[in-house]
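A quick write-up on the structure given underneath.
Number of protein chains: 2
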Amino acid sequence: MIEENLAKRAKLVDEAIPKFLPITPPDELYHAMRHLLDAGGKRLRPTALLLAAEAVGGKPENLMPAALAVEFVHNFTLIHDDIMDEADLRRGLPTVHKKWGASKAIISGDALFSKAFEILSCAKSEPSQIVESIELLSKTSTDICEGQWMDMNFATRKDVTEEEYMRMVEKKTAVLFAAAVKIGAILSGANRDISRALWDFGRLTGVGFQIYDDVIDLITPEEILGKAQGGDIIEGKRTLIVIHSFSKGVTIEALGKSNATRSEVSTALTKLKESGSINYAMNKALNFVEEGKNALRVLPDSEAKMILIGLADYMIERKY
Amino acid sequence: MIEENLAKRAKLVDEAIPKFLPITPPDELYHAMRHLLDAGGKRLRPTALLLAAEAVGGKPENLMPAALAVEFVHNFTLIHDDIMDEADLRRGLPTVHKKWGASKAIISGDALFSKAFEILSCAKSEPSQIVESIELLSKTSTDICEGQWMDMNFATRKDVTEEEYMRMVEKKTAVLFAAAVKIGAILSGANRDISRALWDFGRLTGVGFQIYDDVIDLITPEEILGKAQGGDIIEGKRTLIVIHSFSKGVTIEALGKSNATRSEVSTALTKLKESGSINYAMNKALNFVEEGKNALRVLPDSEAKMILIGLADYMIERKY
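Line order of the protein sequences matches chains A and B.
According to our numbering, the first sequence is numbered sequentially starting from 1.
According to our numbering, the second sequence is numbered sequentially starting from 321.
Encoded structure:
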């Protein structure tokens, strides 16, 4: 039921992409900009934006440009992140830089980023609401860059604190969810309390979602995950799980060891279970999502509000 | 006199940079974003924006955020272009990717780009004027990406037409000048005719400036240019000069030949002079700038208008 409601809105987003980002000369650039967008994706952010608008009594049918702007920003960050991570595959396709080379992937990301502001500035709303939305989306984009920068620096550090990790995750992942739902509220003329509640909802569930994702990467068997288990361990990622285990004095030999054997990874997993680090992170994730849902209490009850709550649950149920 | 007037405004821009882009955590990211900005530059675009505002009776003192937004976009394109061109030096300093690596240079450029929209959205103007300015700046940024993409594709083609070259130059270089002066007009409440005239001024002088720059790179002796003469020839750049010589059936052996000798470059130069290609491009450049200045006829006479005209002349007088 929730999934159907989400899928219905995701389909509207899918259909709007070619309309708002048609292939125009130089065609190849627009194909590169559309590459990941056309490969699918769950459209969680634009869907959440449309639902937020509906939940505050707005007209979601007018908010598709804003919804796409948020999805474009998300996809722009994926294109550039894939260059930095030297990732070969995304959504089952070669990444943009694999297909077009790093230089053209940089430009494609840049162009998608500027298109986001272009279509948001053409939204059918009050100019003051558009300005507020653009201010929020640009601040959010700066936050994402800050989060990505912090994350890159963490990889070479042993002393990352839980507080630093939480700040990084908030910037890198959560603020774009928060901005999405808040923009839905702003462009629908919602008052400050309601906008703020939606912002909190997006931020808290976004943080919960990222922590959950790190747990999933660790505990899901290869045959379900579709890739080797414990990839984050081998990459040396400072996830909340790893940071917690450090605080318990646990030593993870496989951490950041690119040639770690399956048995070494398995040993690491056992240690992380025994130290309570996996449970610790999982509980944190669930608590964040619960707090996020609670933030919506100030909203009047509606179908859209129920679907938003369902979306939050869906985000931490979608795998394993 | 003109140079003093330009320098005065450039200094105001210089002083505003640390105020609007302070070093905040993560500090290193902000140092990377400020790296090229702090290295100086002529600030032609923000200066032109402030002058345009003054020329239409606006208050330039309120337009510093917009002026900086345009300068940030310019610097963001430089950071990313330097990665693509694998350039080591810019404004006498190591480029951002030389100093911080390509990944961090990508993020620094992205963050500077989003900061541009952030400060423009906080400008002290009517919301409808801000929205119009943001729409223009974002469309312009998309144009710059299109121009950069076209330019990259030209390097591997032998059949680039003059028309294609002009379109590329307009997008890659001229529209940001045009946007700068038009935003100065929009945020000062100028009417459409005046805004349009300023746009034409920026576009035409911007095209003229880029063509002139290509001529200068070719004809300036090494001891004045500070680098080897004819670098564009060796790189194989499809400049207007080269495109014209192709149309005259001239063969340039040194074109795109990275190990071309000084004497081969010299032969190429002689051929380009004899085919009239250098004169052709130089005349085009001067005509564009003249047309650009003519576009300002609809503006009432003022000191700022005179300085804008002086700026146009300065752009094609500043070297050799």
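Idealized CB from N, CA, C, for every residue including glycine.
As the structure is a prediction and not an experimental result, all values here were calculated from the model.
- Residue of B:Lys328, B:Leu371, B:Ile506 minimising C-alpha distance to Ser445 (chain B): Counting from one through the second sequence, the residue named residue 445 (chain B) turns up at place 125. Ranking the options by Cα distance to Ser445 (chain B), first place goes to B:Ile506.
- Message: Against chain A, which members of the region 466-492 of chain B pass a CB distance test of less than 8 Å?
- Response: So the list reads Glu466, Gln468, Trp469, Met470, Met472, Asn473, given in the order they occur along the chain.
- Would you mind working out which of B:Ala387, B:Asp463, B:His355 sits nearest Arg410 (chain B), comparing C-alpha positions? By 1-based counting over the second sequence, the position of residue 410 (chain B) is 90. Taking each of B:Ala387, B:Asp463, B:His355 in turn and checking the Cα distance to Arg410 (chain B), the smallest one comes out for B:His355.
- Item | Rounded C-alpha distance that separates Met315 (chain A) from Ala179 (chain A) | Locating residue 315 (chain A) in the first sequence gives position 315, where the first residue counts as 1. Locating residue 179 (chain A) in the first sequence gives position 179, where the first residue counts as 1. It is roughly 17 Å from the alpha-carbon of Met315 (chain A) to the alpha-carbon of Ala179 (chain A).
- Task: Below 7 Å CB to CB, which residues in the same chain sit around Arg365 (chain B) once its five sequence neighbours on both sides are set aside?
- Result: On the second sequence, residue 365 (chain B) is found 45 positions in, with the first residue counted as 1. The residues are Val390, Glu391, His394, Leu496, Phe497, Ala500.
- Could you check the C-alpha separation between Gly509 (chain B) and Lys613 (chain B) for me, to the nearest Å? Start at 1 with the first residue of the second sequence, and residue 509 (chain B) comes out as number 189. Start at 1 with the first residue of the second sequence, and residue 613 (chain B) comes out as number 293. The straight-line gap from Cα to Cα measures roughly 22 Å.
- Item | Neighbour-count burial assignment, Asp402 (chain B), 16 or more Cβ in a 10 Å radius | Mapped onto the second sequence, residue 402 (chain B) falls at position 82. The residue is buried, with at least 16 neighbouring Cβ atoms inside 10 Å.
- Run through DSSP, which three-state label would Arg617 (chain B) get? As a first step, residue 617 (chain B) is located in the second sequence; it is residue number 297 there, counting from the start. Secondary structure of Arg617 (chain B) (DSSP, three-state): helix.
- Message: At the 8 Å Cβ level, is Met404 (chain B) part of the contact set with chain A, yes or no?
- Response: Working through the second sequence from its first residue, we reach residue 404 (chain B) at position 84. At a cut-off of 8 Å between beta-carbon atoms, Met404 (chain B) makes contact with chain A.
- Compute the distance between the beta-carbons of Leu51 (chain A) and Ile307 (chain A), then report whether it is under 8 Å. For the purposes of this step, residue 51 (chain A) is identified with residue 51 of the first sequence, where counting begins at 1. For the purposes of this step, residue 307 (chain A) is identified with residue 307 of the first sequence, where counting begins at 1. In this structure, the beta-carbon distance from Leu51 (chain A) to Ile307 (chain A) falls below 8 Å.
- Message: Under 8 Å, Cβ to Cβ, is there at least one residue of chain A near Thr415 (chain B)?
- Response: One-based indexing of the second sequence puts residue 415 (chain B) at position 95. By the rule that beta-carbons nearer than 8 Å mark a contact, Thr415 (chain B) does not touch chain A.
- Query: In whole angstroms, what separates the C-alpha of Ser595 (chain B) from that of Ala574 (chain B)?
  - Reply: What you label residue 595 (chain B) is simply residue 275 of the second sequence in a count that begins at 1. What you label residue 574 (chain B) is simply residue 254 of the second sequence in a count that begins at 1. Rounded to whole angstroms, Ser595 (chain B) to Ala574 (chain B) spans 16 Å at the Cα level.
- Message: Quick check: what's the CA-CA separation for Glu335 (chain B) versus Val609 (chain B)?
- Response: Position 15 of the second sequence, counting from 1, holds the residue named residue 335 (chain B). Position 289 of the second sequence, counting from 1, holds the residue named residue 609 (chain B). Taking the straight line joining both Cα atoms gives about 30 Å.
- Task: Output yes if chain A places a C-beta closer than 8 Å to the C-beta of Leu357 (chain B); else output no.
- Result: Position 37 of the second sequence, counted from the first residue, corresponds to residue 357 (chain B). For Leu357 (chain B), the closest Cβ of chain A is not nearer than 8 Å.
- Task: For the region 19-37 of chain A and the region 101-115 of chain A, state whether three or more C-beta atom pairs, one from each stretch, are separated by less than 8 Å.
- Result: With a cut-off of 8 Å, the region 101-115 of chain A and the region 19-37 of chain A count as touching, because enough Cβ pairs lie within range.
- Query: To the nearest whole angstrom, what separates the beta carbons of Ile211 (chain A) and Leu240 (chain A), a pair I think is in contact under 8 Å?
  - Reply: Counting from one through the first sequence, the residue named residue 211 (chain A) turns up at place 211. Counting from one through the first sequence, the residue named residue 240 (chain A) turns up at place 240. 5 Å between Cβ atoms; contact.
- Item | Beta-carbon proximity list for Tyr165 (chain A), same chain, < 7 Å, skipping 5 on both sides | By one-based count along the first sequence, residue 165 (chain A) stands at place 165. Correct list, in chain order: Arg238, Leu240, Ile243.
- Query: Taking Cβ-Cβ distances shorter than 7 Å, what residues in chain A pair up with Phe437 (chain B)?
  - Reply: Taking the second sequence and counting its residues from 1, the one referred to as residue 437 (chain B) is at position 117. Those are Phe117, Ile134, Ser138, listed as they occur along chain A.
- Message: Quick check: what's the CA-CA separation for Pro300 (chain A) versus Gln468 (chain B)?
- Response: Counted from its first residue, the first sequence places residue 300 (chain A) at position 300. Counted from its first residue, the second sequence places residue 468 (chain B) at position 148. If I take the Cα positions, the gap works out to 49 Å.
- Query: Hey, does Lys424 (chain B) have any beta-carbon neighbour from chain A nearer than 8 Å?
  - Reply: If you number the second sequence from 1, residue 424 (chain B) lands on position 104. Residue contact with chain A for Lys424 (chain B): present (Cβ-Cβ distance below 8 Å to some residue of chain A).
- Task: If I'm right that Ala431 (chain B) touches Cys145 (chain A) with Cβ under 8 Å, what's the distance once you round it to whole angstroms?
- Result: Within the second sequence, the letter at position 111 stands for residue 431 (chain B). Within the first sequence, the letter at position 145 stands for residue 145 (chain A). Right, the Cβ-Cβ distance comes to about 4 Å (below 8 Å), so this counts as a contact.
- Could you pull out every unbroken alpha helix (DSSP H) segment of at least 4 residues lying fully inside the region 424-466 of chain B, listed in chain order? Restricted to the region 424-466 of chain B, not a single alpha helix (DSSP H) segment is unbroken, complete and at least 4 residues in length.
- Going along chain A in order, which residues have a C-beta closer than 7 Å to the C-beta of Ile450 (chain B)? Within the second sequence, the letter at position 130 stands for residue 450 (chain B). Neighbours of Ile450 (chain B) on chain A, chain order: Val131.
- Message: So that I know if they touch, is there some Cβ in chain A lying closer than 8 Å to that of Ile427 (chain B)?
- Response: Along the second sequence, read from residue 1 onward, the residue named residue 427 (chain B) stands at position 107. Answer yes: the Cβ-Cβ gap between Ile427 (chain B) and chain A drops below 8 Å somewhere.
- Task: On a CA-only basis, which of A:Asp214, A:Asp313, A:Leu204, A:Lys271 is nearest Glu291 (chain A)? Give me that one, please.
- Result: Translated into positions along the first sequence, residue 291 (chain A) becomes position 291. In this structure, A:Leu204 is the residue among A:Asp214, A:Asp313, A:Leu204, A:Lys271 with its C-alpha nearest to the C-alpha of Glu291 (chain A).
- Can you tell me the Cα-Cα spacing of Lys328 (chain B) and Pro380 (chain B), whole angstroms? For the purposes of this step, residue 328 (chain B) is identified with residue 8 of the second sequence, where counting begins at 1. For the purposes of this step, residue 380 (chain B) is identified with residue 60 of the second sequence, where counting begins at 1. Roughly 13 Å separates the two Cα atoms.
- Message: Using a Cβ-Cβ cutoff of less than 7 Å, which residues in the same chain neighbour Thr397 (chain B) once the five nearest sequence positions on both sides are dropped?
- Response: Stepping through the second sequence from its first residue, residue 397 (chain B) is reached at position 77. For Thr397 (chain B), where only same-chain residues beyond five positions count, the Cβ hits under 7 Å are Ile464.
- Message: Need the endpoints of the alpha helix (DSSP H) that Thr77 (chain A) sits in, please.
- Response: Within the first sequence, numbered from 1, the residue matching residue 77 (chain A) stands at position 77. Counting along the chain, the unbroken alpha helix (DSSP H) around Thr77 (chain A) starts and ends at 64-85.
- Item | Beta-bridge partners of Pro414 (chain B), as assigned by DSSP | Within the second sequence, numbered from 1, the residue matching residue 414 (chain B) stands at position 94. Under DSSP, Pro414 (chain B) forms a beta bridge with B:Leu409.
- Counting only beta-carbon atoms, is Pro342 (chain B) nearer than 8 Å to chain A? The residue given as residue 342 (chain B) occupies position 22 in the second sequence. With 8 Å as the cut-off, Pro342 (chain B) does not count as an interface residue toward chain A.
- Item | DSSP state of Gln148 (chain A) mapped onto helix, strand, coil | Within the first sequence, the letter at position 148 stands for residue 148 (chain A). Residue state, collapsed to three classes: helix.
- So which residues on chain B does Leu29 (chain A) lean against when the C-beta distance must stay under 8 Å? Your numbering for residue 29 (chain A) matches position 29 in the first sequence. Near Leu29 (chain A) (Cβ distances below 8 Å), the residues of chain B are Cys465, Glu466, Trp469.
- Kindly list the residues whose CB is nearer than 7 Å to the CB of Asp88 (chain A), restricted to its own chain and excluding five residues on each side of it in sequence; keep chain order. One-based indexing of the first sequence puts residue 88 (chain A) at position 88. If you ignore the 5 residues before and after Asp88 (chain A), its C-beta comes within less than 7 Å of the C-beta of Pro94, Thr95, Lys98, all in its own chain and listed in chain order.
- Query: When you compare each of B:Ile598, B:Lys604, B:Ile553 to Arg582 (chain B) by their alpha carbons, which one comes out closest?
  - Reply: Counting from one through the second sequence, the residue named residue 582 (chain B) turns up at place 262. Cα-wise, what sits closest to Arg582 (chain B) is B:Ile553.
- Query: Count the other CB atoms within 10 Å of the CB of Gly249 (chain A); is the residue buried (16 or more) or exposed (fewer)?
  - Reply: Here residue 249 (chain A) corresponds to residue number 249 of the first sequence, with the count starting at 1. Result: exposed.
- Output, in chain order, the set of chain A residues within a Cβ distance shorter than 8 Å of Pro346 (chain B). By one-based count along the second sequence, residue 346 (chain B) stands at place 26. Close partners of Pro346 (chain B) in chain A (Cβ separation under 8 Å): Glu146, Trp149, Met150, Asn153.
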